[in-house]
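Engineer: Please read through the structure below; I'll follow up with questions.
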Amino acid sequence: MTAENKISKVQELVYEIRVGDVMKKNVITVGPQDRMSEFGKILREKRISGTPVVDQGRLMGVISIDDFIRWLAERQEDCPVERKMTKNVRTLYADEPAVQAVNKFDQLGFGRFVVIDRRDEKLVGIITKGDIIEGLLKKLEVDYYDEQTNHRTIQSFFDDVLADKAALFFQYSVTGHDFNKAGETASRIKTTLKRLGIAPQIVRRVAIATYEAEMNLIIYTEGGEIRVRVEPHKILVRVEDSGPGIPDIEKALQPGYSTAPEWVRELGFGAGMGLQNIRKCTSKMGLMSVVGKGTQLRMNISLDDGVASETN
Amino acid sequence: MGSQVKLTELVRGLKLSVRSADGDLEREVTGGYASDLLSDVLANSEPGNLWITLQIHKNIVAVASMKDLAGIILVNGREPEQDTIEKAEAENIAIMVTEMPTFELVGRLYGLGITGTK
Amino acid sequence: MTLEDVRKILDAEFIACGELLHRDVKTACGSDLMSDVLAFVKPEGLLLTGLTNPQVVRTAEMADLGAVCFVRGKKPDKQTIKLAEAKNIPMLTTPLSMFESCGRLYRDGVVSCFECGK
Ligand SMILES: Nc1ncnc2c1ncn2[C@@H]1O[C@H](COP(=O)(O)OP(=O)(O)OP(=O)(O)O)[C@@H](O)[C@H]1O
Ligand SMILES: [Mg+2]
């Protein structure tokens, strides 16, 4: 395939993806007759900032945490949510091209849209800009295995996306104790960052740091989440687990300190180098841990000054 | 190939620092073994071999002693843990350290006539 | 030196990506501890190791290594070979020990790919 062909293929793909392909389908909803107090409970339990209000599949409005706070402040009696919800809801149709949706996000400055079916106007999902980008990247991963030669075009495409100040978000779950799969997440992150046209030295540093973090999740915990956020000037990685925690963080950060059992050493890990290695690869790193609760590792890799800290 | 090199000569020639059993450096080295896997060293090293490793845990002394190795060189600037040193003194196992990584140290030992299993 | 030269010097055989036999090899390291490799190794080097699990390929992938050579005749399982093929990482296996392999390559001009240790 020639370079030109490839470019047009990327663009095609962008128009090919529909809102319905990338939206979140399992939406939490409330009914118009549900009480505000119940809605409050849902907000707290589900940690969401609002829900569509739906009556027999039909979208009646949306109710948000702001509506809830206003109701609280007014100290009014409990009432059905339909009295406090916003009725005039901006929606997208599931069959609209995702790119058109991106434009609407920008024009209207909304963070999310409710998605409805064009024929019966019933609610089918909810979508954020992040969902679109995530979906797009997933597609690219499928269709673009050898786009290395084509870095620049894809980069300029994502430059445009980035220019909207949109951050790219990726989230991965890592299963504990699964040694054979260990490294898959770091590998995926590496592939995606390369695809975004990020400089190879930076990609390498993020890859090494997330790989070390992933290994720690696999060795010491039941598993956890790795979240990557690509911003125009930096990459942020957050690794969280609800494992045993680290009793003495200072000690854990010392090179050579390790509690890895012998079988881990026999597999080539447990030199006590991982955290130090992560520090070396990142511009900033923070480690927080509570024994019995879990561990959170944050890394920040600057895209601007990054090249200096490791020779290549 | 049985070389006649003694530990003292290597310590001098390669500027190794000795961390334990410095009175026992007259031992002759029969060859080299480089590995960071204890099970591998247990299974495959030969008596009189000089062991090159990154491992600093006290188990290395037990392995060296069991296999009657000539000594241990820790590479890449690693320092033995305190109880590793104590155990090595007790068992009379010479531990030496160097800033060199495995590849370079082995290369230079090889240049001095110490070989590995083929 | 090329990978093909390495193959000859170490009496090795290719087990993945043999078509990359002309790839340049200037630097190498010998290690069985992957974090150490990840911490100190420069890109494009050759890794000599006695480990054969998939993490070796992952390490090579993350650190942009040029190739991997397993020592003591070890071979990884099919799955791991497939992973290396998918990631375009050439792999060889040599019957020689780590010590002998490092020694020969150093003798023939390959230098360490570790950036100085601590
Ligand atoms: N997510 C975690 N949960 C609990 N303990 C952890 C976690 N991450 C690290 N630790 C503790 O910190 C120690 C040091 O971690 P580090 O990654 O630096 O080295 P290691 O995993 O022991 O060895 P290496 O990373 O070189 O293979 C570990 O041995 C472990 O005790
Ligand atoms: Mg670790």
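Each protein sequence line maps, in turn, to chains A, B and C. Residues in the first sequence are numbered from 1 upward in steps of one, following my numbering. Residues in the second sequence are numbered from 313 upward in steps of one, following my numbering. Residues in the third sequence are numbered from 431 upward in steps of one, following my numbering. Positions of the beta carbon are idealized from the N, C-alpha and C atoms, including for glycine.
1. Does DSSP classify Leu72 of chain A as helix, strand or coil?
2. Does the distance between the C-beta of Gln367 of chain B and the nearest non-hydrogen atom of ligand 1 fall short of 8 Å?
3. Take the Cβ of Cys79 of chain A as the centre, count every other Cβ of all protein chains shown within 10 Å, and call the residue buried at 16 or more, exposed below.
4. Report buried or exposed for Trp263 of chain A, applying the criterion of at least 16 other Cβ atoms within 10 angstroms of its Cβ.
5. Is it the case that the region 166-183 of chain A contacts the region 203-223 of chain A, given that we only count it when at least three CB pairs across the two stretches are under 8 Å?
6. Hey, is Lys505 of chain C's beta-carbon within less than 9 Å of any beta-carbon in chain A?
7. Between the Cα of Ser377 of chain B and the Cα atoms of B:Glu393, B:Arg390, B:Leu350, B:Gln316, which residue gives the shortest distance?
8. Got a sec: does ligand 2 put a non-hydrogen atom nearer than 8 Å to the Cβ of Leu275 of chain A?
9. Could you name the residues of chain D that Ala186 of chain A contacts, counting a contact when the two beta carbons are closer than 9 Å?
10. Is the separation between the beta-carbon of Ile249 of chain A and that of Val239 of chain A shorter than 9 Å?
11. May I ask which residues mark the beginning and end of the beta strand (DSSP E) holding Pro52 of chain A?
12. Between Glu38 of chain A and Arg47 of chain A, what straight-line distance do the alpha-carbon atoms span, to the nearest angstrom?
13. Just checking Phe269 of chain A against ligand 1 - is the residue's beta carbon closer than 8 Å to any of the ligand's heavy atoms?
14. Below 8 Å on C-beta distance, what does Arg390 of chain B contact in chain A?
15. Out of B:Pro413, B:Glu391, B:Leu421, state which residue places its alpha-carbon closest to the alpha-carbon of Gly460 of chain C.
16. Jot down the residue ranges of each uninterrupted alpha helix (DSSP H) in the region 314-364 of chain B, minimum 4 residues, whole runs only, in chain order.
17. Using 9 Å as the threshold, is the C-beta distance between Val22 of chain A and Ile116 of chain A below it?
18. Just to make sure I have the definition right: I need the residues of chain C whose C-beta is within less than 8 Å of the C-beta of Val375 of chain B. Which are they?
19. Might you give, ordered along the chain, the residues of its own chain that have their beta carbon closer than 8 Å to the beta carbon of Ile246 of chain A, omitting 5 neighbours on each side?
20. What separation, rounded to the nearest whole angstrom, lies between the Cα atoms of Phe415 of chain B and Ser173 of chain A?
21. Give the secondary structure of Phe269 of chain A by DSSP, where H, G and I count as helix, E and B as strand, and everything else as coil.
22. With DSSP as the reference, label Cys459 of chain C as helix, strand or coil.
23. Any contact between the region 418-426 of chain B and the region 390-398 of chain B? By contact I mean 3 or more CB pairs, one from each, below 8 Å.
24. Could you check the C-alpha separation between Pro484 of chain C and Val30 of chain A for me, to the nearest Å?
25. Looking at the strands, I want to know which residues DSSP matches up with Thr432 of chain C.
26. Within 10 Å of its beta-carbon, does Leu108 of chain A have 16 or more other beta-carbons around it, so buried, or fewer, so exposed?
27. Using a C-beta to C-beta distance shorter than 9 Å, which residues of chain C count as neighbours of Lys430 of chain B?
28. Relative to the C-alpha of Glu474 of chain C, which residue among C:Ala514, C:Phe444, C:Asp494 is closest?
29. Quick check on Cys79 of chain A: does DSSP put it in helix, strand or coil?
30. Please determine if the region 507-526 of chain C and the region 342-361 of chain B are in contact, where contact requires at least 3 C-beta pairs separated by less than 8 Å.
31. Buried or exposed: Gln316 of chain B, going by 16 or more other Cβ atoms within 10 Å of its Cβ?
32. Anything in chain C within Cβ reach of Asn371 of chain B, meaning under 7 Å, just list it in chain order.
Structural biologist: On the basis of the data shown:
1. Taking the first residue of the first sequence as position 1, residue 72 of chain A is located at position 72. Looking at Leu72 of chain A - three-state DSSP - the assignment turns out to be helix.
2. For the purposes of this step, residue 367 of chain B is taken as the residue at position 55 of the second sequence. For Gln367 of chain B, the CB stays at least 8 Å from every heavy atom of ligand 1.
3. Here residue 79 of chain A corresponds to residue number 79 of the first sequence, with the count starting at 1. Counting other Cβ atoms within 10 Å of its Cβ, Cys79 of chain A stays below 16 and is therefore classed as exposed.
4. Against the first sequence, residue 263 of chain A aligns to sequence position 263. Label assigned to Trp263 of chain A: exposed.
5. Yes, since at least three Cβ pairs between the region 203-223 of chain A and the region 166-183 of chain A fall closer than 8 Å, the two stretches touch.
6. Position 75 of the third sequence holds residue 505 of chain C. So, not an interface residue.
7. One-based indexing of the second sequence puts residue 377 of chain B at position 65. Selected option, being the one with the closest Cα: B:Leu350.
8. Reading the first sequence from its first residue, position 275 is the one you call residue 275 of chain A. Correct: Leu275 of chain A has its Cβ closer than 8 Å to ligand 2.
9. This model lacks chain D altogether; the protein chains it does include are A, B and C.
10. Position 249 of the first sequence, counting from 1, holds the residue named residue 249 of chain A. Position 239 of the first sequence, counting from 1, holds the residue named residue 239 of chain A. Using a Cβ distance threshold of 9 Å, Ile249 of chain A and Val239 of chain A do not count as a contacting pair.
11. Here residue 52 of chain A is taken as the residue at index 52 of the first sequence, counted from 1. Taken as a continuous stretch (DSSP letters only), the beta strand (DSSP E) holding Pro52 of chain A covers 50-55.
12. The sequence position of residue 38 of chain A within the first sequence is 38, counting from 1. The sequence position of residue 47 of chain A within the first sequence is 47, counting from 1. So the two alpha carbons sit approximately 14 Å from each other.
13. The residue given as residue 269 of chain A occupies position 269 in the first sequence. Yes - ligand 1 has a heavy atom lying nearer than 8 Å to the Cβ of Phe269 of chain A.
14. Walking along the second sequence from the start, residue 390 of chain B turns up at place 78. Correct list: Gly256.
15. Against the third sequence, residue 460 of chain C aligns to sequence position 30. For the options B:Pro413, B:Glu391, B:Leu421, the alpha carbon positioned closest to that of Gly460 of chain C is the one of B:Pro413.
16. The region 314-364 of chain B contains these whole alpha helix (DSSP H) runs: 319-325, 350-356.
17. Your numbering for residue 22 of chain A matches position 22 in the first sequence. Your numbering for residue 116 of chain A matches position 116 in the first sequence. For Val22 of chain A and Ile116 of chain A, no; Cβs fall outside 9 Å.
18. For the purposes of this step, residue 375 of chain B is identified with residue 63 of the second sequence, where counting begins at 1. Neighbours of Val375 of chain B on chain C: none; closest Cβ ~14 Å, over 8 Å.
19. Stepping through the first sequence from its first residue, residue 246 of chain A is reached at position 246. The answer, listed in chain order, is Ala252, Leu287, Ser289, Val291, Thr295.
20. As a working note, residue 415 of chain B is residue 103 in the second sequence. As a working note, residue 173 of chain A is residue 173 in the first sequence. Approximately 37 Å, taken between the alpha carbons.
21. Taking the first residue of the first sequence as 1, we reach residue 269 of chain A at position 269. If DSSP states are grouped into helix, strand and coil, Phe269 of chain A belongs with coil.
22. Walking along the third sequence from the start, residue 459 of chain C turns up at place 29. Cys459 of chain C sits in a strand when the DSSP states are folded into three classes.
23. Taking 8 Å as the limit for Cβ pairs, the verdict is that the region 390-398 of chain B does not touch the region 418-426 of chain B.
24. As a working note, residue 484 of chain C is residue 54 in the third sequence. As a working note, residue 30 of chain A is residue 30 in the first sequence. Counting only the Cα atoms, Val30 of chain A lies some 48 Å from Pro484 of chain C.
25. Locating residue 432 of chain C in the third sequence gives position 2, where the first residue counts as 1. Partner(s): C:Asp454.
26. Residue numbering aside, residue 108 of chain A sits at position 108 when the first sequence is read from its first letter. Exposure of Leu108 of chain A is indicated by the presence of fewer than 16 other C-beta atoms within 10 angstroms of its C-beta.
27. Along the second sequence, read from residue 1 onward, the residue named residue 430 of chain B stands at position 118. Asp441, Pro525, Leu526, Ser527, Glu530, listed in chain order.
28. Residue numbering aside, residue 474 of chain C sits at position 44 when the third sequence is read from its first letter. Checking every option, the nearest Cα to that of Glu474 of chain C belongs to C:Asp494.
29. For the purposes of this step, residue 79 of chain A is taken as residue 79 along the first sequence, with counting starting at 1. The three-state reading of DSSP puts Cys79 of chain A in coil, since its state is none of H, G, I, E or B.
30. With the cut-off at 8 Å, the region 507-526 of chain C and the region 342-361 of chain B do not touch.
31. As a working note, residue 316 of chain B is residue 4 in the second sequence. Classification of Gln316 of chain B: exposed, given that the 10 Å Cβ count is below 16.
32. Residue numbering aside, residue 371 of chain B sits at position 59 when the second sequence is read from its first letter. Correct list: empty, because the minimum Cβ distance to chain C is about 14 Å.
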